[in-house]
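J.: Its first residue numbered 62, the sequence shown is counted upward by one per residue in this note's numbering.
Every residue gets a Cβ at the ideal spot worked out from N, C-alpha and C, and that includes glycine.
Everything numeric in this text was worked out from a predicted model, so none of it was measured.
Before I ask anything, let me first share the structure, which is written out below as structure tokens.
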Amino acid sequence: MQQLVVASNNPGKILEITSMINDIELLSMADIGFTQEIPEPYDSFEENALAKASAIYSFCNKNTFADDSGLCVEALNGAPGVISAHYSGSRHDGQNLQKVLDELQGIKNRNAFYKAVICLIWDGEVYYFEGICRGAIAQEPAGTGGFGYDPAFIPDGHTDTFGQLQLTVKNAISHRGAAVRKMVDFLQHKIADSAL
């Protein structure tokens, strides 16, 4: 079975991804003994994902993928965007979410989208996969599922937040789910081609 390192220590993110990938053994950063913090200094999701994937690949020389994702709110000119994980100045999900809700006080336009970019390094080659999920920011958080801004993000076509939706439903419509499905499809073809 092929192995693939997930460049993340976020248990919510790893659970979400693991539930979508079956025929490949996923390894976490802890599994490979990688304990360093990887900086994300760039202004784009693509560059940050590449920085993370490259750091892990250089460390272990194993096929690796990393994602960078964030919430982009129309009324906030696309913020928090690439700094979603530390928008409030901390990495605390509740504080980041509260800052967005505070900034949207009294604003009617609550349109937003989540964007995820996966950078896959497979046999030394770099590939990118993108997913977007459009929706709106709720007035108040609801639900305990997911992580980050999930309790306040209502995806288009739904009345519940990501925090309220079952993981299988969320994965079917989420930005990360879309990017992971594209990567899995690519890998299935890649692995099948190499078996010939």
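Nearest to K251 by CA position, among D184, I179, E135, K169, is which residue?
T.: D184
J.: Could you tell me the distance, in whole angstroms, from the CA atom of E179 to the CA atom of E107?
T.: The residue asked about is misnamed: residue 179 is Ile in this sequence, not Glu. Within the model, the alpha-carbon separation for I179 versus E107 is close to 8 Å.
J.: Specify whether the region 137 to 146 and the region 96 to 110 touch according to this definition: at least 3 beta carbon pairs, one from each stretch, less than 8 Å apart.
T.: yes
J.: Under 6 Å Cβ to Cβ from N170, same chain only, skipping five residues before and after it: list those, please.
T.: E135, A136
J.: Applying the 10 Å Cβ sphere with the 16-neighbour rule, what's the burial state of M77?
T.: Checking the sequence shown, residue 77 turns out to be Glu, not Met. The residue is buried, with at least 16 neighbouring Cβ atoms inside 10 Å.
J.: Which value, in whole angstroms, describes the spacing of the CA atoms of N122 and V66?
T.: 10 Å
J.: What do you get for S105, buried or exposed, if any count of 16 or more other CB atoms within 10 angstroms of its CB means buried?
T.: exposed
J.: Under three-state DSSP, which class holds N170?
T.: coil
J.: Identify the continuous beta strand (DSSP E) that holds Q64 and give its terminal residues.
T.: Per DSSP, Q64 belongs to the beta strand (DSSP E) from 64 to 67.
J.: Could you tell me the alpha carbon to alpha carbon distance between T220 and G209, rounded to whole angstroms?
T.: 19 Å
J.: To the nearest angstrom, how far is it from the Cα of G139 to the Cα of I193?
T.: Whole-angstrom Cα-Cα distance: 14 Å.
J.: What span of residues does the beta strand (DSSP E) with V134 cover, start to end?
T.: 125 to 134
J.: How would you label R237, buried or exposed, when you count the other beta carbons within 10 angstroms and need 16 or more for buried?
T.: buried
J.: Tell me which residue opens and which closes the alpha helix (DSSP H) that L165 is part of.
T.: Where L165 is concerned, there is no enclosing alpha helix (DSSP H), given that its DSSP letter is neither H nor E.
J.: Starting from A197 and walking both ways along the beta strand (DSSP E), at which residues does that stretch end?
T.: Residues 186 to 198.
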